[in-house]
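Just so we're aligned, residue 39 is where the sequence shown starts under our numbering, counting upward by one.
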Amino acid sequence: MKERFKEKADAASAEIKNILKEHGNKVAGEVTLSQIYQGMRGITGLVTETSLLDSQEGIRFRGYSIPELQQKLPKFPDGGEQPLPEGLFYLMLTGDLPDAEMAESVTDNWMRRSHVPNHVFDAIDALPLHTHPMTMFVVGVMALQTESTFAKQYGEGINKKDYWDPVYDDAMTLIARLPRVAAYIYRRKYKNNEHIHPNGLLDWSGNLAHMLGYEDKGFMELMRLYMTIHADHEGGNVSAHTTHLVGSALSDPYLAYAAGMNGLAGPLHGLANQEVIKWIFEMQEALGTDAPDKVQIADYVKKTLEEGKVVPGYGHAVLRKTDPRFTAQMEFGKKHMPDDKLVNTVWNIYEVVPPILQSLGKVKNPWPNVDSHSGALLVHYGMVEYEYYTVLFAVSRALGVMASLIWDRALGFPLERPKSVTTKLVKQWLDGK
Ligand code: NMX
Ligand code: MLT
Numbered sequence: 039m040k041e042r043f044k045e046k047a048d049a050a051s052a053e054i055k056n057i058l059k060e061h062g063n064k065v066a067g068e069v070t071l072s073q074i075y076q077g078m079r080g081i082t083g084l085v086t087e088t089s090l091l092d093s094q095e096g097i098r099f100r101g102y103s104i105p106e107l108q109q110k111l112p113k114f115p116d117g118g119e120q121p122l123p124e125g126l127f128y129l130m131l132t133g134d135l136p137d138a139e140m141a142e143s144v145t146d147n148w149m150r151r152s153h154v155p156n157h158v159f160d161a162i163d164a165l166p167l168h169t170h171p172m173t174m175f176v177v178g179v180m181a182l183q184t185e186s187t188f189a190k191q192y193g194e195g196i197n198k199k200d201y202w203d204p205v206y207d208d209a210m211t212l213i214a215r216l217p218r219v220a221a222y223i224y225r226r227k228y229k230n231n232e233h234i235h236p237n238g239l240l241d242w243s244g245n246l247a248h249m250l251g252y253e254d255k256g257f258m259e260l261m262r263l264y265m266t267i268h269a270d271h272e273g274g275n276v277s278a279h280t281t282h283l284v285g286s287a288l289s290d291p292y293l294a295y296a297a298g299m300n301g302l303a304g305p306l307h308g309l310a311n312q313e314v315i316k317w318i319f320e321m322q323e324a325l326g327t328d329a330p331d332k333v334q335i336a337d338y339v340k341k342t343l344e345e346g347k348v349v350p351g352y353g354h355a356v357l358r359k360t361d362p363r364f365t366a367q368m369e370f371g372k373k374h375m376p377d378d379k380l381v382n383t384v385w386n387i388y389e390v391v392p393p394i395l396q397s398l399g400k401v402k403n404p405w406p407n408v409d410s411h412s413g414a415l416l417v418h419y420g421m422v423e424y425e426y427y428t429v430l431f432a433v434s435r436a437l438g439v440m441a442s443l444i445w446d447r448a449l450g451f452p453l454e455r456p457k458s459v460t461t462k463l464v465k466q467w468l469d470g471k
């Protein structure tokens with residue numbers, strides 16, 4: 039995979055140089071004042087090679103939609119139906135679809151790198167048990183940073199042409215170690231600090247499920263799907279953009295990823311997956327039923343909006359249709375748990391919420407995003423501790439942001455530093471001064 043990546047990156051680098059030589063002055067868009075003040079929506083300002091988001095169609099990873107990935111990526115050998123995220127990583131990094139052997143070699147490589155040093159567990163153990171799992175996770179990642187090959191080689195004076203190599207090494211090691219760190223946090227916080235040794239015969243996601251304490255084959259398949267669909271969402275989302283930005287200062291992959299995951303931990307981004315289940319559980323409690331009907335749901339949604347809160351799991355900064363990651367999870371639910379009450383509530387919410395949000399006249403996307411479905415599938419298998427869910431999102435997101443960071447360094451992308459303005463200056467512009 040590394041050699042293939044290097045060939046591709048060298049070719050891409052030469053191609054980009056030529057594009058910029060010939061077309062570097064081409065205007066790629068204009069920027070309005072509203073965009074400057076309102077979260078830079080719609081401004082094209084980044085290059086991310088691993089995936090591309092279409093507002094109507096949703097995400098494509100190197101050109102492949104989620105249903106195509108489910109069809110074309112290698113599966114776990116014991117009759118698995120969901121794609122192996124190892125294969126997705128290979129695809130995002132090299133641009134090529136891997137065969138089963140290639141995906142297996144990624145699994146083996148990550149298994150070999152997966153030993154987590156004891157001081158990482160000590161750092162997590164130093165935190166009180168009530169600490170949010172995402173805080174524990176980022177502390178664990180920061181403790182892993184002691185192992186950074188990039189930081190070491192930079193200190194020794196590495197040539198800038200070679201940056202990508204230790205970044206590749208760090209990215210692979212970080213991804214390899216995350217399942218153990220994530221499982222350690224879960225077992226420490228929720229399962230009496232009783233930990234489970236890795237199983238070297240399993241794949242990356244299967245082993246995560248195993249170390250979390252879930253041996254059900256359905257849960258392992260869910261983890262493969264989950265780790266695949268959450269991996270990447272082009273470059274402008276908060277976690278990917280932050281990782282890219284911090285990496286552009288040549289902060290090593292551990293520092294850059296930890297920064298990105300602090301962004302993922304926000305309720306408008308990845309933490310929305312915990313907020314969805316919390317909101318449904320609160321609704322069930324308020325209504326005194328675990329199967330609210332559509333009228334009851336509609337009333338509860340209106341109450342949420344009247345209280346000045348968002349409906350978690352709905353809306354998106356770019357998407358304008360139902361998120362295909364929602365649809366993939368709905369299909370998984372229909373196949374594996376069609377009668378589950380909570381999952382059916384998620385489907386009823388899907389019927390009720392969009393017209394209500396549409397009626398507000400300001401919500402640009404009334405449709406569900408990935409987070410509105412993921413928690414209910416986890417609860418089905420017994421993982422009810424919703425504060426933990428964003429950690430799973432974070433483990434998956436490592437695949438996309440680390441593949442992109444390797445590309446950033448291979449393409450020699452510079453420090454990211456856009457220009458900001460003051461309102462005083464804006465007023466001067468408006469006055470024509
Ligand atoms: N419920 C209620 N109001 C909403 C919602 C929602 N789900 N989505 C957007 N709005 C409001 C938004 O708060 C804003 O109101 P105001 O003008 O009063 O500030 C207005 O609609 C316009 O916002 P948009 O331009 O449609 O959305 P924007 O691009 O700013 O934000 C989100 C996108 C995702 C932050 C927003 O839709 C939201 O807060 N959704 C709920 C949280 C969520 O599900 N986040 C997860 C996103 C996916 N992920 O994993 O990261
Ligand atoms: C993501 O997966 O990062 C979210 O859908 C948010 C986004 O794309 O902005």
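Every residue, glycine too, gets a C-beta built ideally from N, C-alpha and C. Quantities reported herein were computed from a predicted structural model and do not represent experimental measurements.
Would a C-beta distance cut-off of 8 angstroms place residue i and residue j closer than the cut-off?
{"i": "Q120", "j": "L263", "result": "yes"}
{"i": "A220", "j": "V433", "result": "yes"}
{"i": "V177", "j": "L167", "result": "no"}
{"i": "Y128", "j": "M249", "result": "no"}
{"i": "N311", "j": "F159", "result": "no"}
{"i": "K46", "j": "T132", "result": "yes"}
{"i": "D290", "j": "F188", "result": "yes"}
{"i": "S103", "j": "P362", "result": "yes"}
{"i": "L449", "j": "A50", "result": "yes"}
{"i": "F370", "j": "L246", "result": "no"}
{"i": "Y427", "j": "S410", "result": "no"}
{"i": "A138", "j": "P105", "result": "no"}
{"i": "V401", "j": "G353", "result": "yes"}
{"i": "G80", "j": "Q73", "result": "yes"}
{"i": "P171", "j": "I223", "result": "yes"}
{"i": "P393", "j": "W405", "result": "no"}
Would you say residue i touches the ligand NMX, meaning its beta carbon is less than 7 angstroms from a heavy atom?
{"i": "K59", "result": "no"}
{"i": "K402", "result": "yes"}
{"i": "A436", "result": "no"}
{"i": "H354", "result": "yes"}
{"i": "V439", "result": "no"}
{"i": "P392", "result": "no"}
{"i": "P236", "result": "no"}
{"i": "R358", "result": "no"}
{"i": "L126", "result": "no"}
{"i": "R79", "result": "yes"}
Kindly list the residues whose CB is nearer than 6 angstroms to the CB of residue i, restricted to its own chain and excluding five residues on each side of it in sequence; keep chain order.
{"i": "G256", "result": "H374"}
{"i": "A336", "result": "V390"}
{"i": "L380", "result": "A414 and V417"}
{"i": "A297", "result": "T280 and V284"}
{"i": "F43", "result": "L131 and T132"}
Between residue i and the rest of its own chain, which residues show a CB-CB distance below 7 angstroms, the 5 nearest in sequence each way excluded?
{"i": "Y192", "result": "L288"}
{"i": "N56", "result": "none"}
{"i": "V422", "result": "none"}
{"i": "V205", "result": "F188, P291, L443, I444 and R447"}
{"i": "G351", "result": "A310, V314, P406, N407, D409 and S410"}
{"i": "T211", "result": "R151 and E185"}
{"i": "E68", "result": "none"}
To which residues of the same chain is residue i closer than 8 angstroms at the C-beta, ignoring the five residues directly before and after it?
{"i": "L71", "result": "V464"}
{"i": "D241", "result": "F114, L122, E124, T145 and R262"}
{"i": "R225", "result": "N231, E232, H233, I234, M249, L250 and G251"}
{"i": "H307", "result": "N275, V276, S277 and G301"}
Any heavy atom of the ligand MLT inside 7 angstroms of the beta-carbon of residue i?
{"i": "H307", "result": "yes"}
{"i": "V384", "result": "no"}
{"i": "V408", "result": "yes"}
{"i": "S277", "result": "yes"}
{"i": "H282", "result": "no"}
{"i": "H271", "result": "yes"}
Label residue i either buried or exposed according to how many other C-beta atoms from any shown protein chain fall within 10 Å of its C-beta, with 16 as the threshold for buried.
{"i": "I387", "result": "buried"}
{"i": "I315", "result": "buried"}
{"i": "A329", "result": "exposed"}
{"i": "Q367", "result": "buried"}
{"i": "W467", "result": "exposed"}
{"i": "H271", "result": "buried"}
{"i": "K227", "result": "buried"}
{"i": "A52", "result": "exposed"}
{"i": "V85", "result": "exposed"}
{"i": "H282", "result": "buried"}
{"i": "A269", "result": "buried"}
{"i": "A209", "result": "buried"}
{"i": "V65", "result": "exposed"}
{"i": "A324", "result": "exposed"}
{"i": "E194", "result": "exposed"}
{"i": "R435", "result": "buried"}
{"i": "P217", "result": "buried"}
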